[in-house]
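What follows is a single structure, written as C-alpha cells, with notes after it.
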Amino acid sequence: MDLSYTPEEEDFRARLRDWLTRELSALPPKPAPDDWPGRRAYDLGWQRRLHDAGYADVHWDGTPSARLIFLEETEKAGAPYVGANFVGLLHAGPTIAAEGTAEQRARWLPPILRGEEVWCQGFSEPGAGSDLAALRTRARRDGDTYVVTGSKIWTSHAEVADWCELLVRTDPGAPKHRGITWLALPMDTPGVTVRPLRTLAGSAEFAEVFLDEVRVPVANRVGDENDGWRVTMVTLSFERGTAFAGEVVACRRVLGELAVEARKNGRWDDPAVRRRLGRLHAEFRALWRLAQWNVSAAEASGGVPGAGGSVFKLRYSHARQELYDAAAQVLGPDCLDLDRPWALERLSSLSYTIAAGTSQVQHSIIAERILGLPKGR
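With positions in the sequence shown counted from 1, the corresponding number in the numbering used here is that position plus 555.
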C-alpha cells in the first residue's frame with residue numbers, strides 16, 4: 556500500500572495551512588474546562604467555520620489521504636479539537652451515513668456538519684460493565700413510538716446534547732445480541748433526566764441519563780428492529796478504527812514537548828529517560844502508520860473500518876498511558892502539581908484502557924475475528 560502523498564494532496568495541505576493561519580488568529584478565547592455551555596458554543600462555532608470553508612465533511616466524504624492530512628495539520632496548528640462534536644462527527648454521523656435511510660441522512664447529517672446540533676452516546680449501563688450486549692434499558696413498541704425505560708452511564712456530552720445515539724432492548728426474550736435496537740433520541744423529550752459525573756481529572760464531560768417512559772418515534776430507528784447490535788458494531792468500528800487518529804498526532808506533539816522539557820530540567824542526561832522517549836517516538840510513528848492503513852482499508856471496504864481498529868485501539872490506549880507516565884518521569888515531583896502541563900492529562904489517560912471498549916474486550920476481538928481463535932466459554 557502506497558502511503559505517500561500526491562502533488563494534489565500536498566496542494567490540499569498547503570491550502571489548509573494557509574486557511575488555518577488566518578482563522579486561528581481570529582478565534583475567541585477558549586472557555587474554561589467546566590463551562591460546558593461555553594465549550595459547546597465554542598466547538599460548534601469552529602465546526603461552522605470548517606463548514607463554511609468546505610472542510611466540514613472531510614471525515615466522511617474526503618479521501619483517506621485528505622482525512623489524514625486534515626488531522627495532521629489541524630493538530631500541528633493547535634486548532635480546536637472536535638470537542639462536544641465528537642460523537643456526532645465521529646460516531647453517530649458516520650453510522651447514520653452508512654446505515655440510515657435517505658430521510659434520516661437528510662435530517663441529521665447536515666446539522667452535524669454545520670455545527671448546529673450536538674450528539675451524545677447512550678450505550679453503557681451501570682449493570683452491564685464491559686459486556687455492552689447485556690444492556691437492560693427496555694423499549695416497548697406502542698404504535699408509531701417506542702416507550703423507553705432504563706438508564707445509561709458515561710454518556711459523553713449529555714448535558715449539552717441535542718440528540719443521543721441510544722441502544723435499547725426491544726426483544727427481552729431474544730438472545731442478548733439479537734434483541735437490541737439503535738435509536739436516535741431527542742434529549743429534550745419528556746422523561747429524560749441528565750446527571751453530570753465528575754471524573755478523576757475534575758472534568759464533567761460524562762453523565763448518567765435516566766429514561767422514564769420516554770417516547771421515541773419509530774422513524775428514529777436506524778436499521779431494523781432487533782438489528783441494533785450489527786449497527787452498533789458499525790458505530791464502534793468508527794470509534795476504534797478512525798476516531799482516535801487525530802489524537803496520535805497530538806501525542807507526537809506532546810512527546811516533542813517532553814523532550815524539550817527534559818533538556819531544560821536536566822533529566823535528558825538520564826539514559827533511561829532518553830531511551831523511554833525514543834521508544835515512544837517509534838511507537839507513535841508506528842501508530843500513525845497503522846491509522847493511515849485503517850483509514851485506507853475502511854475506504855476500500857465501503858467506508859466502514861474493520862476489526863483492525865481494535866488493534867489500533869488496544870495499542871494506542873496503552874501507549875497514551877505510557878506517554879504520560881513518561882511525562883511524570885520528566886517532571887519528577889512536579890507531576891503532582893495539577894497546574895503543570897501534562898498532569899491532568901496523565902489522570903485522564905487512565906481511562907483510555909476502559910473507554911470505547913476495554914483492553915480485555917479488544918484482546919478478545921483480535922483473538923476471535925483476526926486470529927480465528929475459538930471463543931472462550
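Think of the CB as a built atom: it goes at the ideal place given N, C-alpha and C, for glycine as much as any other residue.
Source: prediction; values computed, not measured.
Boundaries cannot be given for residue 708, as no beta strand (DSSP E) includes it and DSSP labels it neither H nor E.
Taking the CA atoms as reference points, residue 594 sits about 18 Å from residue 900.
With distances taken between CA atoms, residue 744 lies nearest to 775 out of 813, 775, 890.
The DSSP-derived three-state label of residue 877 is helix. For residue 763, the secondary structure class from DSSP, reduced to helix, strand or coil, is strand.
Collapsing the DSSP output to three states places residue 605 in a helix. Around the beta carbon of residue 580, fewer than 16 other beta carbons sit within 10 angstroms, so the residue counts as exposed. Here residue 709 has 679, 761 as same chain residues with Cβ atoms under 7 Å from its own Cβ, once five neighbours each way along the sequence are excluded.
In summary, residue 818 is exposed, with fewer than 16 beta-carbon neighbours lying within 10 Å of its beta-carbon over all protein chains present. Residue nearest to residue 690 within the set 698, 706, 696, 700 is 706 (criterion: CA-CA distance). Note on geometry: alpha-carbon atoms of residue 567 and residue 811 lie some 26 Å from one another. The Cβ atoms of residue 928 and residue 801 do not sit closer than 8 Å to each other. Exclusion of the five residues before and after residue 759 leaves 589, 591, 714, 751, 752, 753 as the residues of its chain whose Cβ lies within less than 8 Å of its Cβ. Residue 677 and residue 630 do not touch by the CB rule: their CB atoms are close to 29 Å apart, not below 8 Å. If you draw a 10 Å sphere on the C-beta of residue 598, you find 16 or more other C-beta atoms in it, and that means buried. When DSSP states are grouped into helix, strand and coil, residue 720 belongs to the strand group.
DSSP places residue 680 in the coil class of the three-state scheme, outside both helix and strand. With 16 or more other Cβ atoms inside 10 Å of its own Cβ, residue 640 counts as buried. By alpha-carbon distance to residue 701, the top candidate from 648, 770, 669, 722 is 770. Here the segment 645-656 makes contact with the segment 778-793; the two share three or more CB pairs at distances below 8 Å.
Taking the CA atoms as reference points, residue 897 sits about 10 Å from residue 885. Relative to residue 874, the option among 737, 895, 842, 891 whose CA is nearest is 842.
In this structure, the straight-line span from the alpha carbon of residue 596 to that of residue 635 is close to 12 Å. By the criterion of a C-beta distance shorter than 7 Å, residue 601 is surrounded in its chain by 635, once the five residues flanking it on both sides are discounted. Ranked by how close their Cα comes to the Cα of residue 608, the residues 575, 887, 804, 703 have 575 in first place. Counting only the Cα atoms, residue 785 lies some 9 Å from residue 733. A distance of 8 Å or more separates the beta carbons of residue 682 and residue 735.
Here the C-alpha atom of residue 655 lies approximately 43 Å from the C-alpha atom of residue 881.
When DSSP states are grouped into helix, strand and coil, residue 642 belongs to the helix group. Around residue 620, the same chain offers 560, 564 as residues with beta carbons nearer than 7 Å, after the five sequence neighbours per side are excluded. With fewer than 16 other Cβ atoms from the protein chains shown falling within 10 Å of its own Cβ, residue 815 counts as exposed.
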